[in-house]
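Numbering (the working numbering), first residue to last: 178 to 300.
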């Protein structure tokens, strides 16, 4: 029995598309956070949350775009003709930085919730 041929390009394409979808989701969450921060007026906590949400959004977009570019690069070849694997740190660093940005966005959400809790939005 012969194994079906594996298309390595399709895997990279799926990963690039997944990073694009994730960037779109982070954009939507950031826009909703900005809308919530500006809704009932502005306080120092909401201003900090607004700056934090925008900063996290820009940071994540940079991480995602760098990962997309690294996946779009053609594979280098070793002298014997086998494709060279990308460095491990590139595959580990991007998801780790994405996780850090998710934690930062969670902290922004917690700050907004604590600041907006006394308002009648929640009850």
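Glycine included, each C-beta is placed from N, C-alpha and C at the ideal position.
If you're wondering where the values come from, they're calculated on a predicted model, not measured in any experiment.
Check	Outcome
Between residue 199 and residue 241, which are expected to be in contact by the criterion C-beta below 8 Å, what is the C-beta distance as a whole number of angstroms?	7 Å
Helix, strand or coil for residue 229? Go by DSSP, reduced to three states.	helix
Can you have a look at residue 210 and say buried or exposed, based on whether 16 or more other CB atoms are within 10 angstroms of its CB?	buried
State the Cα-Cα distance for the pair residue 190 and residue 276, rounded to the nearest angstrom.	22 Å
Whose C-alpha, out of 246, 278, 217, is nearest the C-alpha of residue 295?	217
For residue 286, which three-state DSSP category applies?	helix
Would you call the CB atoms of residue 234 and residue 207 closer than 7 Å?	yes
If distances are taken between C-alpha atoms only, which option among 229, 193, 197 comes closest to residue 283?	229
Cα-Cα, which of 223, 192, 244, 278 is closest to residue 204?	278
Tell me whether residue 294 sits in a helix, a strand or coil according to DSSP, three-state version.	coil
Could you check what DSSP says for residue 217 in three-state terms: helix, strand or coil?	coil
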